[in-house]
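Heads up, the sequence shown is in the working numbering, so the first residue is 4 and it goes up one at a time. Just so you know, even glycine gets a beta-carbon here, dropped at the ideal spot from N, CA and C. Computed from a predicted structure; not experimentally measured. What follows is a short report on a single structure.
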Amino acid sequence: MKGSILFLGIGGSGMSSLAHMALDLKLSVLGYDKKSSETTRYLEKRGATIQNNIEQIPLEGIEMVVYSSAINDKHKQVFDEIKKKNIPLKHRSEFMHLLVSNQKSISVAGSHGKTSTTTMVSQILTELGMDPTIMIGGDTSLLEKRGGKIGGGKFAVYESDESDGTFLGHKASIRLLTNIDNDHLDYYKTRERLEDAFFEYIAFGIEGDAVLYANDPGIRDVLIHKTKDIDFSKNFRLYLCMEKKDKESDWYLSLESKLRDQLVPVLYQIQEDVLEFEFLGFPTQSLQLPYPGIHYLTNGLVALVGAFVAGVSPDVSAGILSRYIGVKRRQEVLGIWNGVTVMDDYGHHPTEIAMVIRSLQNKLKSNGRLVVLFQPHRYTRTQLLLKELAESLSLAEILLILPIYSAGETSISGITHESFLPFLDTKNAEFLKGEMDLDLITIKSKLKKGDMLLCLGAGNVRDWGLQLLEDKSQL
C-alpha cells in the first residue's frame, strides 16, 4: 500500500491498537481524534500524523479510511466526501481481519473478561516464543502501551467486541467465550438478540474449536435453548469449562447426546485461591494467579484451554499464568496515600462491579475498609441498568458517586448520578460534584489508614485517585 491509511477516532483503545499494527507493517498512518492524549502522542512518536480538527485532514493520497462506531452522524460531511472520492471505508473490525488474514485466529468474546483473557492467551504464546499477532483493548506491559502488534508467528490473538455486532464479521478457528450478560442493550434492544449474536459467534456449524465457560448462566441458557435443531460440523469441537458436579446434570447430558465425540468436558473445582482442573486424560492440575477473584481463575482456565487447542500443554500454560502480568485498569494499584491503598478498576457493568468489590473485600478481610469511588459510564447504560448497578454498588461499605461520564453521548433527561439514590441499599452513599478540588475534600474525609480507595468505572475516574496521590496533606 503506497498511500496512507486514515484512522478516524485514532485515540480509542481499539483504533490505536490497529494504528500501531499498521505502523509495525511500515504503513503510512494518518489519524483524527478530537483531543490529544498520551495515546495519540505515543502514536505520533512512532510516526503517525494526527489532526484534532477533522475538517483539516487532506484526503488526497489516502488509500483507505478506518473508522469505529464512535464516529457518528456528527461526521456525516466527512463521510460523504470520502465516499465521493471513492476511498474504501473499513470498519475497525474489517481492517483487523485484513491484518490477521494470513494467520490462524484465536478470538476472545464475552460481556466481561475479554481483555484479561486475551492478555493471558497472548502471554502464554509470547513467553513460548510463538510470536503471535496481538490486539488487546487495554494497556498491558506485554505490548508496551501499544494495544496491538504484528507478530511473525502462526497465530493471531484478539478481542471480539460485541458492542456493535461487528464481532460476527470473521469466524476465528479458535473461539473463546467467557460469559454472556445484559450489556449493550442500547444496540441489541433485547436479550434474545444479544444471545443470538453470541450463539452465532460460537459458530457450531463451521470448522474450528470453541472454548466456553459453561458455568456462566448466560452461556448455559444459550447451550440449552439454542442448540436443539442445529446441525453440528463434524470438524467442530466444543470445550466446556464447568464444575465437576455438573457433569451429571441434565443440560450437560442432553448436550453430550447431541455432540457425542465433539464435546470435550473441562472439569474444575476451586479451593480458596486455587483452581484444580482435569480434561482429556491429563492428570489433575492446578492454576493459581497473582490476582484475587474467582473470575480471574475461570478466565485463566478458558485461556489455558484455548492455548491447549493452539498446541500448548496445560501444565506449561498454568506455570506461565502463575506470573500473569495483568492489564492496566484491572485491579491496578496506583499508589499509597497516608497508608491508604489507591486502586483503579475499569469495571462499569453490575456484574463486574460486584466481582471486583467482593474480590477486594476478601483481600482486605478485616484489615481495612473498602471505599468505592464510582463513576457511571454512559447515560444509556445508566438508564438501562440503574437498579442492577445500584444493587452491586450497595455491596460497598462506603460509596461515593461521581457524575455520569458521557463517553460522547447526549444526556438523557432525568438520568443523573443521583438517580441511583432510591435503589441504593446503603446509608453510606454520597454524591459528588465532579469538581476535583471539592470532591477530594470529601474523599479524604472518608479515609482512614489501612483503607483501600477503589476508583471504579470506565471513564476518567482514575484521575481523582492520581490527584489524591499528589496531595501532601496528612490524615
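| Check | Outcome |
| --- | --- |
| Proximal residues to Phe10 (C-beta, below 6 Å), its chain only, five neighbours per side dropped | Met18, Ala22, Gly34, Val69 |
| Residue span of the alpha helix (DSSP H) that contains Lys79, given as start and end | 79-87 |
| Proximity to Glu198 [Cα-Cα], best of Arg178, Asp219, Asp224 | Asp224 |
| Contact belief for Val359 with Ile401 at Cβ below 8 Å, rounded distance in angstroms | Contact doesn't hold; Cβ gap of about 15 Å is too wide. |
| Proximity winner among Leu392, Leu459, Leu443, relative to Lys475 (alpha-carbon distances) | Leu443 |
| Simplified DSSP state of Ile444, which is helix, strand or coil | helix |
| Bounding residues of the beta strand (DSSP E) (the contiguous stretch that carries Gly338) | 335-340 |
| Extent of the continuous alpha helix (DSSP H) run through Pro211 | Rather than Pro, the amino acid found at residue 211 in this sequence is Gly. Premise fails: Gly211 lies in the beta strand (DSSP E), 211-216, not in any alpha helix (DSSP H). |
| Spatial distance of Leu392 from Glu421 (CA atoms) | 12 Å |
| Residue span of the beta strand (DSSP E) that contains His420, given as start and end | Where His420 is concerned, there is no enclosing beta strand (DSSP E), given that its DSSP letter is neither H nor E. |
| Proximity to Glu97 [Cα-Cα], best of Lys174, Gln80, Thr120, Ile153 | Lys174 |
| Cα-Cα separation, Ile13 to His351 | 23 Å |
| Span of the beta strand (DSSP E), counted from its first residue to its last, around Asp347 | 343-348 |
| Own chain residues within Cβ distance below 7 Å of Gly371, not counting five before or after | Gly453, Asp454, Met455 |
| Opposing strand residues paired with Met245 [DSSP bridges] | Leu270 |
| Thr122: CB within 7 Å of a non-hydrogen atom of the ligand FAD | With respect to small molecules bound, the structure shown includes none, and the ligand FAD cannot be examined in it. |
| Member of Thr429, Leu324, Arg44, Gly468 whose CA lies at the smallest distance from the CA of Lys447 | Gly468 |
| Runs of beta strand (DSSP E) wholly within the region 386-416 (minimum 3 residues, chain order) | 401-404 |
| C-beta contact flag for Val312 and Asp212 at 8 Å | yes |
| CB of Leu188 within 8 Å of CB of Leu389, strictly | no |
| Presumed contact (8 Å Cβ cut-off) between Met138 and Met67, rounded CB distance | Not confirmed; about 18 Å, so no contact. |
| Reference Leu471; option with closest CA among Leu441, Gly462, Gly154 | Leu441 |
| Reference Ser119; option with closest CA among Glu275, Gly462, Tyr294 | Tyr294 |
| When Asp276, Arg384, Val269 are compared against Ser166, the one with the closest alpha-carbon | Arg384 |
| For Ala112: DSSP bridge partner residues | Leu180 |
| Secondary structure, beta strand (DSSP E): runs of 3+ residues fully inside the region 88-151 | 92-94, 107-112, 136-138 |
| Start and end residues, alpha helix (DSSP H) containing Thr354 | 353-367 |
| Close Cβ partners of Asn431 (< 8 Å) along its chain, the five nearest in sequence each way excluded | Ala399, Glu400, Ile401, Leu402 |
| Residues bridged to Phe207 (per DSSP) | In DSSP, Phe207 forms no bridge with anything. |
| According to DSSP, residues forming a beta bridge with Leu11 | Tyr35, Tyr70 |
| Residues of its chain near Lys237, where Cβ-Cβ distance is below 8 Å and the 5 sequence neighbours each way are ignored | Gln265 |
| CB of Lys157 within 8 Å of CB of Lys107, strictly | yes |
| Close Cβ partners of Asp27 (< 7 Å) along its chain, the five nearest in sequence each way excluded | Lys152, Ile153 |
| Thr354 and His115 closer than 8 Å at C-beta | yes |
| Leu215 to Arg240 span [Cα, whole Å] | 11 Å |
| For Phe423 and Leu396, believed in contact at Cβ under 8 Å, the rounded distance | 7 Å |
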